[in-house]
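Trainee: Dropping the structure in here first, questions after.
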Amino acid sequence: NVNKQNIKQFNNDKENTEQAQRILQIVAKQTQEQIIFHISDIVTLALNSIFDEPYKFKLDFIEKRGKTEAELYFLKDDIKIDPLTASGGGVVDIASMALRIALWSLGRKNNTIILDEPAKFVSKNYVNKVIEMLKMLSEKLNLQMIIVTHIEELKEKADKIFNVKIKNGVSYVE
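Here the working numbering is used: the sequence shown runs in plain steps of one and ends on residue 178.
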């Protein structure tokens, strides 16, 4: 009798565990789909607001070595492009900046983000588009950006500028 009850309890626990696992898999899949949509949308919007040739940013969750990994890539003319080997630095800069903003917006605890040299590899002829894109994302996401930059055009469009000077090895803010 005790063995039959133990087997029955074991089978009941096993069934409950399997059901819980199925529910977790469904929730994980739905969460991944929402993350994919949110991140891909923001990064693609940023890329297309800067560059004339259409880029799409894609994020896929794939199973590798028994774990879920994120695969990041660009699509251009339906061709899959590895961002780190087949794109210019400006495209990677914009995607990286937009990716940081998109990830920040998923878990936001405040409305301020700090970007350090976000457009350092972007060609001069795209800087004004970068400024407009930053303003658009700031308004769309209700986001205050603190930007560290040496790009004069970005500084000229800032609401407030703080210059940091070094004197005798000590930094001073002006």
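For glycine and all other residues, C-beta sits at the position ideal for the given N, C-alpha and C.
Between Ser142 and Met149, what straight-line distance do the alpha-carbon atoms span, to the nearest angstrom?
Mentor: On the sequence shown, residue 142 is found 138 positions in, with the first residue counted as 1. On the sequence shown, residue 149 is found 145 positions in, with the first residue counted as 1. Approximately 7 Å, taken between the alpha carbons.
Trainee: Spell out the partners DSSP gives Thr89 in its beta bridges.
Mentor: Here residue 89 refers to the residue found at position 85 of the sequence shown. Thr89 is not bridged to any residue.
Trainee: I need the straight-line Cα distance from Val47 to Lys62, nearest angstrom please.
Mentor: Along the sequence shown, one-based indexing puts residue 47 at 43. Along the sequence shown, one-based indexing puts residue 62 at 58. Taking the straight line joining both Cα atoms gives about 9 Å.
Trainee: My assumption, with CB atoms under 8 Å, is that Ala99 sits in contact with His42. Please give the rounded CB distance.
Mentor: Working through the sequence shown from its first residue, we reach residue 99 at position 95. Working through the sequence shown from its first residue, we reach residue 42 at position 38. Between His42 and Ala99 the Cβ distance is about 15 Å, and since that is not below 8 Å, they are no contact.
Trainee: Between the C-alpha atoms of Ala24 and Ile118, what's the straight-line distance to the nearest angstrom?
Mentor: Your numbering for residue 24 matches position 20 in the sequence shown. Your numbering for residue 118 matches position 114 in the sequence shown. Approximately 40 Å between the Cα atoms of the pair.
Trainee: Provide the residue(s) that pair with Gln23 in DSSP beta bridges, ordered along the chain.
Mentor: Counting from one through the sequence shown, the residue named residue 23 turns up at place 19. According to DSSP, which records beta bridges pairwise, Gln23 is partnered with nothing at all.
Trainee: What's the C-alpha gap between Gln9 and Arg26?
Mentor: For the purposes of this step, residue 9 is taken as the residue at position 5 of the sequence shown. For the purposes of this step, residue 26 is taken as the residue at position 22 of the sequence shown. For Gln9 and Arg26, the distance between alpha carbons rounds to 26 Å.
Trainee: Looking at C-alpha atoms only, which residue of Lys144, Asn132, Glu160 is the closest neighbour of Ile54?
Mentor: Taking the first residue of the sequence shown as position 1, residue 54 is located at position 50. Here the closest residue by C-alpha is Asn132.
Trainee: Enumerate in chain order the residues of its own chain whose CB-to-CB distance from Trp108 is below 6 Å, with the five nearest sequence positions on each side excluded.
Mentor: The residue you call residue 108 lines up with position 104 of the sequence shown. Closer than 6 Å at Cβ, skipping near neighbours: Ile117.
Trainee: Considering just the uninterrupted stretch of the beta strand (DSSP E) at Ile150, what are its terminal residues?
Mentor: Translated into the one-based positions of the sequence shown, residue 150 becomes position 146. Segment 148–152, the beta strand (DSSP E) holding Ile150.
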